[in-house]
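Peer 1: Numbering (the UniProt record's numbering), first residue to last: 1 to 194.
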Amino acid sequence: MTFSGGTGDNQIRQKIASNSSNTPAQQNTRSRFKLLADLFRKFSGAAQMGLLTQGGKSAYNRFVQLNFINTQADALNVASIDYSKLVLSGGSVEPLAGVGAVLDAATGKVTVSFADNTNGNTALETDGVKAVVVNKATGRVMAAADEDVTRADGSLDIEDNSLQGVAPADLMALAFAYRADGSDASATAQAQVA
1 MTFSGGTGDN
11 QIRQKIASNS
21 SNTPAQQNTR
31 SRFKLLADLF
41 RKFSGAAQMG
51 LLTQGGKSAY
61 NRFVQLNFIN
71 TQADALNVAS
81 IDYSKLVLSG
91 GSVEPLAGVG
101 AVLDAATGKV
111 TVSFADNTNG
121 NTALETDGVK
131 AVVVNKATGR
141 VMAAADEDVT
151 RADGSLDIED
161 NSLQGVAPAD
171 LMALAFAYRA
181 DGSDASATAQ
191 AQVA
């Protein structure tokens with residue numbers, strides 16, 4: 001309560017809201033932002049290629065803005081994200097079509113396939129393709145070693161020893177097309193690994 005004197009009047013005021021910066025809602029929001037910061041570090045190569053600076057917003061700011069809605073935090077403020085909605089890219093390039101992913105658990109290889117939807121305008125045959133696989137249980141991100149895959153190639157392989165013996169249900173593939181000169185990218189396509 002605060003007391004103040006006016007022109008002969010004594011006024012009593014009482015604060016209704018807490019002035020603490022540690023309310024449950026603020027803790028919840030902070031944990032979601034921390035998750036996004038950690039995810040950006042894991043996906044930074046792909047996200048910086050797919051989310052170019054736009055309107056004064058860096059790739060990081062665009063990543064947080066586009067993905068905050070896909071996060072949630074439980075009562076203990078443990079944040080999580082829906083990987084099936086994760087956004088790593090955005091722009092005016094034609095998105096990849098028919099994206100699918102298949103795991104060969106014995107060799108630790110995920111083959112990400114996509115249709116050649118080249119149209120000579122918004123989808124060029126020289127457009128590069130970036131794909132990553134994330135283990136939803138551990139958060140580990142794996143990318144293709146071959147960075148020269150184009151839209152016309154139709155598929156790319158992601159090989160990693162950590163993929164051996166993993167259940168396909170734990171893996172999500174994320175892919176997008178980008179201009180060969182790095183000037184633009186497509187929306188992100190997500191595919192549950194089979």
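Positions of the beta carbon are idealized from the N, C-alpha and C atoms, including for glycine.
Owing to the predicted nature of the structure, the values given are computational and were not obtained by experimental measurement.
Helix, strand or coil for V132? Go by DSSP, reduced to three states.
Peer 2: strand
Peer 1: What residues are listed by DSSP as bridge partners for T150?
Peer 2: Under DSSP, the beta-bridge partners assigned to T150 are G128.
Peer 1: From G91 to F176, what does the alpha carbon distance come to, in whole angstroms?
Peer 2: 10 Å
Peer 1: Is the beta carbon of I158 closer than 9 Å to that of V110?
Peer 2: yes
Peer 1: Just verifying my parser: in three-state terms, what is the DSSP assignment at F139?
Peer 2: According to the sequence shown, residue 139 is Gly rather than Phe. Three-state DSSP puts G139 in coil, outside helix and strand.
Peer 1: Which class does V64 belong to by DSSP, given the choice of helix, strand or coil?
Peer 2: helix
Peer 1: Spatial neighbours of T53 within its chain, please: C-beta separation below 7 Å, excluding the five flanking residues on both sides.
Peer 2: A59
Peer 1: Which one of S21, R140, A123 and P168 has the shortest CA to CA distance from V112?
Peer 2: P168
Peer 1: Contact check, V193 vs V133 under 8 Å by CB: the rounded distance?
Peer 2: 7 Å
Peer 1: To the nearest angstrom, how far is the alpha carbon of A145 from that of G55?
Peer 2: 32 Å
Peer 1: Given that a residue counts as buried once 16 or more other Cβ atoms are within 10 Å of its Cβ, and exposed if not, what is A137?
Peer 2: Counting Cβ neighbours within 10 Å, A137 comes out exposed, since fewer than 16 surround it.
Peer 1: Does R62 pass the burial test, meaning 16 or more other C-beta atoms within 10 Å, or should it be called exposed?
Peer 2: buried
Peer 1: Tell me whether the beta-carbon of V93 lies closer than 9 Å to the beta-carbon of D116.
Peer 2: no
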